[in-house]
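Engineer: Final position of the sequence shown in my numbering is 864; the numbers increase by one with none missing. Input: one structure, supplied below.
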Amino acid sequence: MLIYVDADAAPKSVLRITRDAGAKYDIPVITVSSINHEIRGEHHIQVDPAPQATDMEIVRRIRSNVPTIVVTQDYGLAALVLARKAHAISPSGLWFTSDNIDRLLAERAVSAKLRRGGKVRLRGPRARTDNDDRQFEESLLRLIESVRQP
């Protein structure tokens, strides 16, 4: 099993929790980011700063014979991961599935259209809390357990 983290926008606490879970289950955790981000870790891959370079590097590395989990908040990457028969989870702990990905992508498209039209102005994300970290950790551990089941 492998865990990849889309580290371009992953909160530091998500990186720590994911690495701790990987150590607990003896699963390599590989972070991937553009060269614009400085991520420290034993297993880190840097890619060029081109749009989607991080996403494409993660997708390129997924193998059908290796159970894989990808941590990302990018719905587009999550859809590509699911298409490769791997698993995806958000930093909030949401499991991306074939049952919810189409709706999430549609909502993202509508929101983008409204923003481009000037009808909606969004604030940045709220500050991450300890509860957010607990929720992510619990969800990640459940996902790891479910993927490990024969």
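Beta carbons: idealized from backbone N, C-alpha and C, even for Gly.
Identify every run of the beta strand (DSSP E) within the stretch 751-795, keeping only runs that are complete inside it and at least 3 residues long; order them along the chain.
Structural biologist: With a minimum length of 3 residues, the continuous beta strand (DSSP E) runs that stay inside the stretch 751-795 are 758-761, 782-785.
Engineer: Indicate whether E859 and I731 have their beta-carbon atoms separated by less than 8 Å.
Structural biologist: No.
Engineer: Please state whether DSSP places I716 in a helix, a strand or coil.
Structural biologist: According to the sequence as given, residue 716 is Leu; it is not Ile. It is a strand residue.
Engineer: Just verifying my parser: in three-state terms, what is the DSSP assignment at H737?
Structural biologist: This sequence places Ala at residue 737; His is not what is there. Helix, per DSSP.
Engineer: Between E724 and Q787, what straight-line distance do the alpha-carbon atoms span, to the nearest angstrom?
Structural biologist: One detail in the question is off: residue 724 reads as Ala in this sequence, not Glu. Taking the straight line joining both Cα atoms gives about 8 Å.
Engineer: Do S806 and D846 count as a contact pair if the criterion is CB distance below 8 Å?
Structural biologist: Yes. Within cutoff.
Engineer: How is the alpha helix (DSSP H) around S860 delimited, first residue to last?
Structural biologist: S860 -> alpha helix (DSSP H) spans 844-862.
Engineer: Excluding the 5 residues preceding and the 5 following V688 in the sequence, name in chain order all residues of the same chain whose CB lies nearer than 6 Å to its CB.
Structural biologist: An answer regarding residue 688 cannot be provided, because it is not within the stretch 715 to 864 covered by the chain.
Engineer: If V795 and V773 are in contact, beta carbons under 8 Å, what's the gap, nearest whole angstrom?
Structural biologist: The Cβ separation is near 7 Å, so the contact holds.
Engineer: Going by the beta-carbon positions, is the gap between P765 and I749 smaller than 8 Å?
Structural biologist: Not in contact: P765 and I749 (Cβ atoms no closer than 8 Å).
Engineer: Can F810 and A792 be called in contact, C-beta distance under 8 Å?
Structural biologist: Going by C-beta atoms, F810 is nearer than 8 Å to A792.
Engineer: Go through its chain and collect everything with a Cβ distance to Q863's Cβ below 7 Å, but skip five positions before and after it.
Structural biologist: Taken in chain order, the list of residues that qualify is empty.
Engineer: Please state the DSSP three-state secondary structure of S747.
Structural biologist: Of the three classes helix, strand and coil, the one that applies to S747 here is strand, per DSSP.
Engineer: Buried or exposed: which applies to E771, given that a residue is buried once 16 or more other Cβ atoms fall within 10 Å of its Cβ?
Structural biologist: E771 comes out buried.
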